[in-house]
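Here's the structure we're looking at; comments come further down.
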Amino acid sequence: MNNVKKYLKRYFIDAMGSMAAGLFASLLIGTIFKALGMIPYLGILAEIGTFAQAMAGPTMAAAIAYALKAHPLVVFSSAAVGYAANALGGAGGPLAVFFIAIIAAEIGMLVSKKTKVDIIVTPFVTILVGGLLSLWCAPLIGKLVGYISTFIGWAALQAPFVTGLIVSVVIGICLTLPISSAAICAGLVLTGSAAALGSSEGLAIAGAAAVAGCCAQMVGFAVISFRENRWGGLLSQGIGTSMLQMPNIIKHPQIWIAPTLASAITGPLAVCVFDMKMYGAAINSGMGTCGLLGPIGMILGWLDPANGYPDAITAIDWIGLALICFILPAALSFLFNEILRRIGWVKTGDMKLDA
7 MNNVKKYLKR
17 YFIDAMGSMA
27 AGLFASLLIG
37 TIFKALGMIP
47 YLGILAEIGT
57 FAQAMAGPTM
67 AAAIAYALKA
77 HPLVVFSSAA
87 VGYAANALGG
97 AGGPLAVFFI
107 AIIAAEIGML
117 VSKKTKVDII
127 VTPFVTILVG
137 GLLSLWCAPL
147 IGKLVGYIST
157 FIGWAALQAP
167 FVTGLIVSVV
177 IGICLTLPIS
187 SAAICAGLVL
197 TGSAAALGSS
207 EGLAIAGAAA
217 VAGCCAQMVG
227 FAVISFRENR
237 WGGLLSQGIG
247 TSMLQMPNII
257 KHPQIWIAPT
267 LASAITGPLA
277 VCVFDMKMYG
287 AAINSGMGTC
297 GLLGPIGMIL
307 GWLDPANGYP
317 DAITAIDWIG
327 LALICFILPA
337 ALSFLFNEIL
347 RRIGWVKTGD
357 MKLDA
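Position 77, counted from 1, in the sequence shown is what my numbering calls 83; the numbers after and before it change by one each time, with no gaps.
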């Protein structure tokens with residue numbers, strides 16, 4: 007039993023926590039740069055952001071190897087493994103990186119510093135193992151994640167309340183898991199933009215529900231973990247990623263209840279009460295408040311005539327956006343989490359992030 011706990015901590019707490027930091031230091035910080043690049047005269051920041059985003063796979067894999075206390079050559083070689091796994095995994099790229107980088111790093115460590123030609127043997131073995139697994143397994147992981155996409159595609163065609171509930175909850179959960187909610191939304195074209203192939207009102211509704219669910223997870227975790235993580239945690243989760251909580255979710259799954267319940271409420275409210283529709287870029291539907299790209303995508307969809315947003319923008323639209331993306335996720339998550347604290351399901355320290 008002690009060995010099981012040891013390996014669970016090693017792989018699903020230490021490695022996953024480090025991977026989340028690697029994701030933040032590449033894909034997500036790049037996304038923030040790209041958001042800043044939308045400001046006039048700051049377009050160069052968007053270019054920098056593109057470079058940072060491209061390094062997501064290598065950075066996550068190197069972070070995993072570092073967390074496993076791998077030797078330097080194994081860490082450096084893991085970058086190539088991460089690139090391959092992320093590129094071949096599609097929407098499941100981060101999940102593919104997680105499993106494949108762990109295996110490649112552990113096998114690399116079996117030969118590291120064991121021969122006089124370590125500089126050749128260690129990178130060769132690490133990259134060979136990781137490369138073969140990426141070619142064989144990463145597309146399969148991507149295919150499995152594709153079943154989630156199929157389910158979301160079905161939900162997008164249902165009545166607005168059903169669409170709002172299912173899409174908000176599932177895409178929100180995907181945002182926190184080590185899979186790409188943004189890639190799922192982009193692949194399904196969850197937008198009603200006239201520029202998007204196959205756009206429809208159902209997809210626009212689903213896109214708005216996805217924004218609601220992602221914001222609920224990010225803002226929710228940022229607020230309910232404020233006791234433990236203070237302002238740094240508020241910002242890193244609120245405009246970074248709620249995936250930082252995955253190691254804590256594995257240890258204390260009940261901490262996920264409050265943000266998920268919040269998303270189950272804000273999704274239907276978004277589409278049934280505030281009549282929200284996403285007419286911005288489909289990828290923004292899965293970004294939540296990361297770099298504020300979810301709300302920004304909604305606003306750009308409203309204001310750009312080329313997107314074909316069918317309705318006039320009123321004060322209710324702006325109020326609804328603020329409520330759905332920020333105020334209600336914070337208030338509802340806080341309320342549900344306080345109830346969970348009162349009954350002893352959630353305790354102080356359960357959501358503490360590693361420094």
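From the three backbone atoms N, C-alpha and C, an ideal C-beta is built for every residue, glycine too.
Query: Sequence-distant residues of the same chain with beta carbon closer than 6 Å to Ala336, five excluded per side; Result: Val225, Val229
Query: Cβ separation of Ala92 and Ala102, assumed to be a contact under 8 Å, to the nearest whole Å; Result: What sits at residue 92 in the sequence shown is Asn, not Ala. Confirmed, about 7 Å.
Query: Beta-carbon gap between Ala212 and Val176 smaller than 7 Å; Result: no
Query: CA-to-CA distance, Thr128 to Lys122, given in whole angstroms; Result: 11 Å
Query: Segment contact flag, the stretch 65–76 with the stretch 95–111, C-beta cutoff 8 Å, min 3 pairs; Result: yes
Query: CB of Cys278 within 7 Å of CB of Pro166, strictly; Result: yes
Query: Backbone CA spacing between Tyr315 and Gly286 [nearest angstrom]; Result: 9 Å
Query: For Pro259, three-class secondary structure by DSSP; Result: helix
Query: Residue closest to Ala268, alpha-carbon to alpha-carbon, out of Asn8, Cys220, Ala328; Result: Cys220
Query: CB of Met115 within 7 Å of CB of Val80, strictly; Result: yes
Query: Endpoints, the alpha helix (DSSP H) within which Cys220 is located; Result: 207–230
Query: Buried or exposed by the 16-neighbour rule on C-beta atoms within 10 Å, applied to Tyr89; Result: buried
Query: DSSP three-state assignment for Phe18, whether helix, strand or coil; Result: helix
Query: Run of the alpha helix (DSSP H) containing Asn92, from where it starts to where it stops; Result: 78–95
Query: Nearest residue (CA-CA) to Lys358, options Met252, Ile38, Leu74, Trp160; Result: Met252
Query: Cβ neighbours of Ile319 in the same chain (closer than 7 Å, five flanking residues each side left out); Result: Trp308
Query: Backbone CA spacing between Gly96 and Phe105 [nearest angstrom]; Result: 15 Å
Query: Identity of the residue in Phe130, Lys120, Gly36 nearest Thr56 by Cα; Result: Gly36
Query: Span separating the alpha-carbon of Ser231 from that of Leu327; Result: 23 Å
Query: Contact belief for Asp31 with Gly43 at Cβ below 8 Å, rounded distance in angstroms; Result: Here residue 31 turns out to be Ala, not Asp, going by the sequence shown. About 18 Å; that fails the 8 Å criterion.
Query: Ile271 (DSSP reduced to helix, strand or coil); Result: helix
Query: Pairwise C-alpha distance: Phe280 and Ser324; Result: In the sequence as displayed, the identity of residue 324 is Trp instead of Ser. Each residue's Cα considered, the two are about 10 Å apart.
Query: Short Cβ contact (7 Å threshold) for Ala188 with Gly198; Result: no
Query: Exposure of Asp356, with buried meaning 16 or more beta-carbon neighbours within 10 Å; Result: buried
Query: Length of the line joining the Cα atoms of Ala21 and Pro311; Result: 45 Å
Query: Proximity below 7 Å, CB of Gly98 to CB of Val151; Result: yes
Query: Cβ-heavy atom distance, Arg347 to the ligand ZN, below 6 Å; Result: Of ligands this structure carries none, so the ligand ZN is not represented either.
Query: CB contact below 7 Å: Met284 versus chain B; Result: Chain labels in this structure do not include chain B; a single protein chain is all it has.
Query: Cα-Cα separation, Pro265 to Cys180; Result: 13 Å
Query: Reference Ile245, options Gln260, Gly300, Glu344, closest by Cα; Result: Gly300
Query: Exposure of Val10, with buried meaning 16 or more beta-carbon neighbours within 10 Å; Result: exposed
Query: Cβ neighbours of Ile54 in the same chain (closer than 7 Å, five flanking residues each side left out); Result: Phe39
Query: Nearest-angstrom beta carbon gap, Pro64 and Leu171 [assumed within contact, 8 Å]; Result: Actually they are not in contact, since the Cβ atoms of Leu171 and Pro64 sit about 37 Å apart, beyond 8 Å.
Query: Beta-carbon proximity list for Leu298, same chain, < 7 Å, skipping 5 on both sides; Result: Ala41, Ile245
Query: Contact under 7 Å by Cβ, Met293 with Ala214; Result: no
Query: Same chain, Cβ closer than 6 Å to Met249, neighbours up to 5 away in sequence not counted; Result: Ala26, Thr182
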